[in-house]
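Below you'll find the structure, written out as structure tokens, and then a few comments.
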Amino acid sequence: MKTTIAFFFLALSVSLSARSTGDAYTENMLIAKIMADTASTEQTLLQAANYFIRIGGVNTDQWLPHYYAAWCFARISHLNHDEDICDKWVDRAQEEVDKAFDMAPGNDEVLVMKAFVLQARMNIKPLVRGFQFFQETMDYFDKATGINPANPRAYLWKGVNLLHTPEAFGGGKKSGCPLVKEAIARFEAVSVTDPIAPAWGLEYAREVVKGCD
254 MKTTIAFFFL
264 ALSVSLSARS
274 TGDAYTENML
284 IAKIMADTAS
294 TEQTLLQAAN
304 YFIRIGGVNT
314 DQWLPHYYAA
324 WCFARISHLN
334 HDEDICDKWV
344 DRAQEEVDKA
354 FDMAPGNDEV
364 LVMKAFVLQA
374 RMNIKPLVRG
384 FQFFQETMDY
394 FDKATGINPA
404 NPRAYLWKGV
414 NLLHTPEAFG
424 GGKKSGCPLV
434 KEAIARFEAV
444 SVTDPIAPAW
454 GLEYAREVVK
464 GCD
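So the sequence shown is numbered by the numbering used here: it starts at 254 and just counts up by one.
Right, dumping it as structure tokens:
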């Protein structure tokens, strides 16, 4: 109940501040994005994901709501331990990111999210699925950096992928840490002016890099 009330007042405050623009899509995306950025439980992430899905249902030409919904569902999978439940949430994430990809197949953020969702699926059964999805995941990251070399999330999650890969297969700190450090540098160099554009990942990168020293 407290969470619901907090989100109500959050939505109201953003709505009042953004109403002067007359842009209902941006207004609603701001509300949903703040919900997602501050969410830390399955309940709050699901609330944010459903909000994004409703926005996407109204704004059928926009890929960003589906991108964020996929992000939320993938994060929910990391909060569970039952493999079947995790797969269910990853399947939801896959549905949403596929919608975003159909709309914007050449968008670097969408390609990163495709890889992020695959990483969530690998995380459920890493020994089995690592061999199945590793190369496809890396290919998405490479395509993303080829389109936009400044995208920090591509470097971050490629680095994380390598950190969880045995050295015998080209992974480990020697391969992964430089990419995480590169991601931090690019996070700090990029100024995101669009309030609904993807900007997540820096705090996580700073936590990961602590293990590189």
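Cβ coordinates follow ideal geometry from the N, Cα and C atoms, glycine included.
Quiz item: Based on Cα-Cα distance, which residue from F305, A327, A277 lies nearest to K286?
Solution: F305
Quiz prompt | alpha helix (DSSP H) segment containing A322, residue limits | solution = 317-331
Quiz prompt | Pair within 7 Å by beta-carbon distance, A209 and V365 | solution = Residue 209 is absent from the model: the chain starts at 254 and stops at 466.
Exercise. Can you say whether Q372 is buried or exposed, counting buried as having 16 or more other CB atoms within 10 angstroms of its CB?
Key: buried
Practice problem: Locate the alpha helix (DSSP H) running through K367, then write down its first and last residues. | Solution: 361-377
Exercise. Could you have a look at A289 and say whether DSSP puts it in helix, strand or coil?
Key: helix
Self-check item: Whether V462 touches V443 by CB criterion (7 Å)
Solution: no
Exercise. Would you decide whether D392 is buried or exposed? Buried here means 16 or more other CB atoms lie within 10 Å of its CB.
Key: exposed
Practice problem: Measure how close the beta-carbons of E336 and K378 come, nearest whole angstrom, since I'm counting them as under 8 Å. | Solution: 7 Å
Exercise. Give the range of the alpha helix (DSSP H) segment to which N401 is assigned.
Key: Note, N401: premise wrong, no alpha helix (DSSP H); not H, not E.
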